[in-house]
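Q: The structure's right below; bear with me while I get my questions together.
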Amino acid sequence: MRDLTIGLVTWKARDLLQQCLDAIEANLDNLRAEVWVVDNASQDGTLELLRERYPTVSVVQNPRNRGVAPARNQIIERAQGRYLLFLDVDTRVLPGALTTLVQFMDEHPEVAIGGPKLLYGDGSLQLSCRPFPSPLHILVEGTFLRDYFPQSRWVKEYTMEEWDHAETREVDWMYGACLIVRRQALEKLGGFDEGFFYLYEDIDLCFRAKRLGMKVCYIPQAQVIHFLERERKSVFHPRIFTHIRSILRYLIKDYYGNLWSTR
28 MRDLTIGLVT WKARDLLQQC LDAIEANLDN LRAEVWVVDN ASQDGTLELL RERYPTVSVV
88 QNPRNRGVAP ARNQIIERAQ GRYLLFLDVD TRVLPGALTT LVQFMDEHPE VAIGGPKLLY
148 GDGSLQLSCR PFPSPLHILV EGTFLRDYFP QSRWVKEYTM EEWDHAETRE VDWMYGACLI
208 VRRQALEKLG GFDEGFFYLY EDIDLCFRAK RLGMKVCYIP QAQVIHFLER ERKSVFHPRI
268 FTHIRSILRY LIKDYYGNLW STR
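First residue of the sequence shown? That's 28 in the working numbering, and the numbers climb one at a time after it.
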């Protein structure tokens, strides 16, 4: 069995994918690893790039855009690693990150899901950890309302911005841009919920893991660049309907579902 299966899902992101794969290849160190790419019908030269430049990368070609969660489940079905590392294509792993994540998981068998310190392209900290969001958190963070409460302690507690992110810490969830997950945990969880086409699949996975008593841990010793735009992502972006559907699914299934089940 391999140490690590690295899985990427791509859709019309050929150049970002190339940068991501180059960084992976440069930082595998001595890990016994495999890399899988699921292409969601990009039609931008992605498949040609993979054939020509990355012959050791395994590829799944979907005839249509199946979304993130279903594509990641395709990777899980084929993975040979003890751990699965899910990476977004707009990331770049830094030296030592992959081995640090694997070593941490080896040394902490109680941890089911881990995530590194994420950095913006300029090297500054990206606030990637959160408590599970309430409807009000989602409304405030995803709209102009946050502009009216920039110094609110309630907002800062949710974004965890007053924490220096320098030490290992158990958290509720982390951005799915880079998550390492124990194979046994994925088997118990049944993979990602394919009802989440895009967004909130990472929150849902961590929510279900925590509900089963599994630990989710922030691992700052490993660092990964995530080229996420600094501007706040509004709920009114072009994928509005997909976003709203994911929000509603999370709220009904996880947030309110958990409240109802505890009554």
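Even for Gly, the Cβ is constructed at its ideal location relative to N, Cα and C.
(1) T37 and I252: beta carbons closer than 8 Å?
(2) Assuming I274 contacts Y227 under a Cβ cut-off of 8 Å, what Cβ separation, rounded to an integer in Å, is found between them?
(3) Does the distance between the C-beta of L232 and the nearest non-hydrogen atom of the ligand MG fall short of 7 Å?
(4) Is DSSP giving S261 helix, strand or coil here?
(5) Thinking just about the alpha-carbon of each residue, which of F113, H192, Q88 and G72 is nearest to the one in E61?
(6) On the three-state DSSP scale, how would you describe H192?
(7) Considering only residues of the same chain and omitting the five flanking positions on each side of Q70, which have a CB-CB separation below 8 Å?
(8) Which residues does DSSP pair with Q250 in a beta bridge?
(9) Alpha carbon to alpha carbon, how far is E197 from Y245?
(10) List the DSSP bridge partners of T37.
(11) So, under 8 Å CB-CB, L77 and V87 are touching, yes? Tell me the CB distance rounded to an integer number of Å.
(12) Extract the residue ranges of the beta strand (DSSP E) inside the stretch 61-136, only unbroken runs of 3 or more that lie entirely within it.
(13) Rounding to the nearest angstrom, what Cα-Cα distance links K242 and Q45 in this structure?
(14) On a CA-only basis, which of F268, T32, C233 and A204 is nearest Y147? Give me that one, please.
(15) With DSSP run on the structure shown, which of helix, strand or coil describes L31?
(16) On the criterion of 16 or more Cβ atoms from any shown chain inside 10 Å, does L163 qualify as buried, or is it exposed?
(17) Could you tell me the boundaries of the alpha helix (DSSP H) in which I230 lies?
(18) Q101 to V95, Cα distance in whole Å?
(19) With L255 and Q153 assumed to form a contact (beta carbons below 8 Å), what rounded beta-carbon distance in angstroms separates them?
(20) Does the beta-carbon of G108 have 16 or more other beta-carbons within 10 angstroms, so that it is buried, or is it exposed?
(21) Could you check if R257 is buried or exposed, using at least 16 other CB atoms within 10 Å of its CB as the buried criterion?
(22) Once the 5 residues before and after P158 are set aside, which same chain residues still bring their CB inside 7 Å of it?
(23) Quick one: residues in its chain with C-beta nearer than 7 Å to the C-beta of M132, no 5 flanking neighbours on either side, listed in chain order?
(24) Using the three-state DSSP reduction, which class does A204 fall into: helix, strand or coil?
A: So, to answer that:
(1) no
(2) The pair is a contact, with the Cβ atoms about 7 Å apart (cut-off 8 Å).
(3) Of the ligands one can find in the structure shown there are none, so the ligand MG has no counterpart to examine.
(4) Interpretation of S261 is limited by its pLDDT of 48, a score under 50 that renders its predicted location unreliable; the figure taken from the coordinates is listed afterwards. Here S261 sits in coil by DSSP.
(5) F113
(6) coil
(7) K39
(8) K144
(9) When rounded, the distance between both Cα atoms is 6 Å.
(10) D66
(11) Contact doesn't hold; Cβ gap of about 11 Å is too wide.
(12) 85-89, 108-114 and 118-120
(13) 33 Å
(14) A204
(15) strand
(16) Counting every other CB atom within 10 Å of its CB across the protein chains shown gives L163 a total below 16, marking it as exposed.
(17) E228 to R238
(18) Answer to the nearest angstrom: the Cα atoms are 10 Å apart.
(19) 7 Å
(20) buried
(21) Residue placement at R257 cannot be trusted, given a pLDDT of 49 that sits under 50; what the coordinates show is reported in the next sentence. With fewer than 16 Cβ atoms within 10 Å of its Cβ, R257 is classed as exposed.
(22) Cβ neighbours of P158 beyond the five flanking positions: Y185 and D199.
(23) Y110, V138, G141, I207 and R209
(24) coil
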